[in-house]
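Novice: Just so we're aligned: the sequence shown equals residues 1 to 312 in full-length UniProt numbering.
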Amino acid sequence: MAAFDIDDIVSSLHAARLRWRDGQRRLLEPGGRDLPSRERLAEIVVQLKGALFPMRLGPLDLHQQGENYYVGHTLTSALNGLAEQARLEWRYKARHDTGITATLIEERAHSAIQQFATKLPQIRDLLDQDVLAAYQGDPAAGSVDEVLICYPGIHAMIHHRIAHELYRLELPLLARIIAEQAHSETGIDIHPGAQIGAGFFIDHGTGVVIGETAILGQRVRVYQAVTLGAKRFPADDDGNPRKGLARHPIVEDNVVIYAGATILGRVTIGEGSVIGGNVWLTQDVPPFSNITQARSRTEAGSPPVSGCDNDR
1 MAAFDIDDIV SSLHAARLRW RDGQRRLLEP GGRDLPSRER LAEIVVQLKG ALFPMRLGPL
61 DLHQQGENYY VGHTLTSALN GLAEQARLEW RYKARHDTGI TATLIEERAH SAIQQFATKL
121 PQIRDLLDQD VLAAYQGDPA AGSVDEVLIC YPGIHAMIHH RIAHELYRLE LPLLARIIAE
181 QAHSETGIDI HPGAQIGAGF FIDHGTGVVI GETAILGQRV RVYQAVTLGA KRFPADDDGN
241 PRKGLARHPI VEDNVVIYAG ATILGRVTIG EGSVIGGNVW LTQDVPPFSN ITQARSRTEA
301 GSPPVSGCDN DR
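#1: Since Arg40 and Gly81 should fall inside the 8 Å C-beta cutoff, what is the C-beta to C-beta distance between them, to a whole number of angstroms?
#2: Out of Phe4, Ala109, Glu67, Lys119, state which residue places its alpha-carbon closest to the alpha-carbon of Ala83.
#3: From Ile188 to Ala2, what does the alpha carbon distance come to, in whole angstroms?
#4: Less than 7 Å separating the Cβ of Thr268 from some heavy atom of the ligand FMN?
#5: Relative to the alpha-carbon of Phe201, which residue among Ile190, Arg221, Glu185 has its alpha-carbon at the smallest distance?
#6: Between the region 181-196 and the region 110-121, do three or more beta carbon pairs fall short of 8 Å?
#7: Identify the continuous beta strand (DSSP E) that holds Ile263 and give its terminal residues.
#8: Using a Cβ-Cβ cut-off of 7 Å (strictly less than) and excluding sequence neighbours within five positions of Arg91, which residues of its own chain qualify?
#9: Compute the Euclidean distance between the alpha carbons of Asp145 and Gly66, then round it to the nearest angstrom.
#10: Does the distance from the C-beta atom of Ala194 to that of Glu212 stay below 8 Å?
#11: What's the C-alpha gap between Ala86 and Glu107?
#12: Under 8 Å, do Ala78 and Gln47 count as touching if we go by C-beta distance?
#13: Rank Val256, Arg247, Arg266 by C-alpha distance to the C-alpha of Ile291 and give the top, closest one.
#14: By the DSSP assignment, the beta strand (DSSP E) with Gln293 in it spans what residues?
#15: Taking just the CA atoms, how far does Leu52 sit from Ile158?
#16: Which residue from Arg25, Val131, Tyr151 puts its Cα closest to that of Gln224?
#17: When you compare the CB positions of Pro192 and Ala163, do they come within less than 8 Å of one another, or not?
#18: Starting from Thr282, follow the beta strand (DSSP E) in both directions and report where the run begins and ends.
#19: Using 8 Å as the threshold, is the C-beta distance between Val203 and Gly153 below it?
#20: Leaving out five residues before and five after Leu126 in sequence, what residues of the same chain have Cβ atoms less than 7 Å from its Cβ?
#21: Assign Glu252 to one of two classes, buried (16 or more other C-beta atoms within 10 Å of its C-beta) or exposed (fewer than that).
#22: Going residue by residue through the region 152-210, where are the continuous alpha helix (DSSP H) segments of at least 4 residues, counting only ones entirely within it?
#23: Exposed or buried, which one is Asp311 when buried takes at least 16 other CB atoms within 10 Å?
#24: Whole-angstrom Cβ separation of Ala246 and Arg266, contact assumed at under 8 Å?
#25: Considering only their Cβ atoms, is the gap separating Pro241 from Leu228 smaller than 8 Å?
#26: Do Pro54 and Leu60 come within 8 Å of each other at the CB atom, strictly closer than that value?
#27: Please name the residue in Gln293, Ser273, Asn278 whose C-alpha comes closest to that of Asp284.
Structure, rendered in structure tokens:
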């Protein structure tokens, strides 16, 4: 086998790393890599799915008589793995906060994952309602089992329900990795910070985007290519986007948003409203409104505007 001449390449890559670390004011990492593993988290999520839905997403040879044993064994493994990933995230934070000690890392990681574990029955209940909403809302759905194992919207919501709890427990990096796994697999991009009520149904799903501070009520339905995004990004004194501001829409109960609609900013879509396809919204919508693209233009060459019908 012929050898490749790579000495200069190795040296150049080393120089590139040093330039990056110097520019980012990165400290040396003598203890090795202190970052969670995407691959390990993917394995843990598979285990959590099996624990949540053992007879549908668990092993092929599982029987109901052995469900509890399987769930207990699998959950123990998943939680131990998740705790280790939580410790890695806290170690990463400790690089920038000298007040985070090794003892504190262990305590916070264990406490967070124990709290996460107690939320799993609630996550299962929410997902059951999501599955039922999809089955009832889609005439093409043959069964709730088909919805659970086939629908990309449900796949994305399993990841989101897990990721959202980790986000709430101050593990945003773990949460984001889990959310982005679903994003890459389904084309559905839900930030783990988004608050989504029960009975949420994403039909088709590709291209759906839901931002970090979005709040969705119960029994909301959205179709493909819907964006619940930010209108603008206020900057700090250095010109960088300010973090953590409420900048995404609030969607109240029983709202339907059809394909291609874009809703931007901290606006409220009132209960029971219907937002038509390809509508662009940057203002509040009263409850029980029907927003559609106007069928005519106000003048030649002007863009279409949205019409509002409150008499549904």
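Positions of the beta carbon are idealized from the N, C-alpha and C atoms, including for glycine.
Specialist: Answer, in terms of the structure:
#1: Counted from its first residue, the sequence shown places residue 40 at position 40. Counted from its first residue, the sequence shown places residue 81 at position 81. Going by Cβ atoms, the distance from Arg40 to Gly81 rounds to 6 Å, so yes, they are a contact pair.
#2: Working through the sequence shown from its first residue, we reach residue 83 at position 83. Checked all of Phe4, Ala109, Glu67, Lys119; the closest Cα to Ala83 is Ala109.
#3: The count along the sequence shown starts at 1 and reaches residue 188 at position 188. The count along the sequence shown starts at 1 and reaches residue 2 at position 2. The straight-line gap from Cα to Cα measures roughly 45 Å.
#4: Looking at this structure, you won't find the ligand FMN or any other ligand, since it has none at all.
#5: Here residue 201 corresponds to residue number 201 of the sequence shown, with the count starting at 1. Checked all of Ile190, Arg221, Glu185; the closest Cα to Phe201 is Arg221.
#6: no
#7: As a position in the sequence shown, residue 263 is number 263, starting the count at 1. Per DSSP, Ile263 belongs to the beta strand (DSSP E) from 262-264.
#8: If you number the sequence shown from 1, residue 91 lands on position 91. Cβ neighbours of Arg91 beyond the five flanking positions: Asp34, Ile105.
#9: Position 145 of the sequence shown, counting from 1, holds the residue named residue 145. Position 66 of the sequence shown, counting from 1, holds the residue named residue 66. Those two C-alpha atoms are separated by around 20 Å.
#10: Locating residue 194 in the sequence shown gives position 194, where the first residue counts as 1. Locating residue 212 in the sequence shown gives position 212, where the first residue counts as 1. For Ala194 and Glu212, yes; Cβs fall inside 8 Å.
#11: Numbered from 1 along the sequence shown, position 86 holds the residue referred to as residue 86. Numbered from 1 along the sequence shown, position 107 holds the residue referred to as residue 107. Straight-line Cα distance between these residues: approximately 11 Å.
#12: Residue 78 sits at position 78 when you count from the first residue of the sequence shown. Residue 47 sits at position 47 when you count from the first residue of the sequence shown. The answer is yes: Cβ separation under 8 Å.
#13: The residue labelled residue 291 in the question sits at position 291 within the sequence shown. For Ile291, the nearest C-alpha among the options comes from Val256.
#14: Numbered from its first residue, the sequence shown carries residue 293 at position 293. Segment 290-293, the beta strand (DSSP E) holding Gln293.
#15: By 1-based counting over the sequence shown, the position of residue 158 is 158. By 1-based counting over the sequence shown, the position of residue 52 is 52. Looking at the two C-alpha atoms, the distance is approximately 9 Å.
#16: Mapped onto the sequence shown, residue 224 falls at position 224. The option with the nearest alpha carbon to Gln224 is Tyr151.
#17: Locating residue 192 in the sequence shown gives position 192, where the first residue counts as 1. Locating residue 163 in the sequence shown gives position 163, where the first residue counts as 1. Against a cut-off of 8 Å, the Cβ pair of Ala163 and Pro192 comes out as a contact.
#18: On the sequence shown, position 282 is the one that residue 282 refers to. Counting along the chain, Thr282 falls outside any beta strand (DSSP E), and DSSP gives it neither H nor E.
#19: By 1-based counting over the sequence shown, the position of residue 203 is 203. By 1-based counting over the sequence shown, the position of residue 153 is 153. Note that residue 203 is Asp in the sequence shown here, rather than Val. Their beta carbons are under 8 Å apart, which means Asp203 touches Gly153 by this criterion.
#20: What you label residue 126 is simply residue 126 of the sequence shown in a count that begins at 1. Taken in chain order, the residues that qualify are Arg161, Ala198.
#21: Mapped onto the sequence shown, residue 252 falls at position 252. So Glu252 counts as buried.
#22: 152-168, 172-186
#23: Looking up residue 311 in the sequence shown gives position 311. Caution applies to Asp311, whose pLDDT of 44 falls short of 50 and renders its modelled position unreliable; the model cannot decide the point.
#24: Position 246 of the sequence shown, counting from 1, holds the residue named residue 246. Position 266 of the sequence shown, counting from 1, holds the residue named residue 266. Right, their Cβ atoms sit about 5 Å apart.
#25: Sequence index remark: in the sequence shown, residue 228 carries index 228 (1-based). Sequence index remark: in the sequence shown, residue 241 carries index 241 (1-based). Result no, Cβ atoms of Leu228 and Pro241 do not sit closer than 8 Å.
#26: The sequence position of residue 60 within the sequence shown is 60, counting from 1. The sequence position of residue 54 within the sequence shown is 54, counting from 1. No, these two residues do not count as a Cβ contact at 8 Å.
#27: Translated into the one-based positions of the sequence shown, residue 284 becomes position 284. Out of Gln293, Ser273, Asn278, Ser273 has the C-alpha closest to the C-alpha of Asp284.
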